[in-house]
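S.K.:
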Amino acid sequence: MRTDLIGLGRVLLGIGATLVILGLVLVVAGKRSGGPPSGPAGGWGFGRLPGDIHVGRGNYTFHFPIVTCILLSILLTIIFAVIARFLRR
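Set out below in structure tokens:
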């Protein structure tokens, strides 16, 4: 039982270190390129997909990117499934 927890701790530390390194790479890449283009979610189309809810009336604006959330959920599910498959080997 104790060895299982030690193995789990090592996996979690590895995932954490990978996320930190990935974050640093993205920050450096963003600084070098002058930052993302202007617009919602960097101007790459996320946040303004067909099906996203956007209501603007007078001084009130409401934006809920439901389709963007669904697509990001599917993408992250696939990424974490692939990572889990590699960690099980």
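Start counting the sequence shown at 407; every next residue gets the next number (our numbering).
Ideal Cβ positions, reconstructed from N, Cα and C, are used throughout, including at glycine.
Distance check for Lys-437 and Leu-481, CA to CA, integer angstroms please.
M.R.: Here residue 481 is taken as the residue at index 75 of the sequence shown, counted from 1. Here residue 437 is taken as the residue at index 31 of the sequence shown, counted from 1. Spanning the two alpha carbons is a distance of roughly 25 Å.
S.K.: Assign Pro-471 to one of two classes, buried (16 or more other C-beta atoms within 10 Å of its C-beta) or exposed (fewer than that).
M.R.: Reading the sequence shown from its first residue, position 65 is the one you call residue 471. Under this definition Pro-471 is a buried residue.
S.K.: Look at the alpha carbon of Leu-493 and the alpha carbon of Arg-463, and state the distance between them as a whole number of angstroms.
M.R.: Residue mapping note: residue 493 aligns to position 87 of the sequence shown, counting from 1. Residue mapping note: residue 463 aligns to position 57 of the sequence shown, counting from 1. Cα to Cα, the separation comes out at about 50 Å.
S.K.: In this structure, how does DSSP classify Gly-420 when only helix, strand and coil are distinguished?
M.R.: Numbered from its first residue, the sequence shown carries residue 420 at position 14. Gly-420: helix per DSSP, three-state reduction.
S.K.: Could you spell out where the alpha helix (DSSP H) holding Arg-463 opens and where it closes?
M.R.: Your numbering for residue 463 matches position 57 in the sequence shown. Looking at the DSSP string, Arg-463 is not in any alpha helix (DSSP H); the run it does join, the beta strand (DSSP E), is 459-463.
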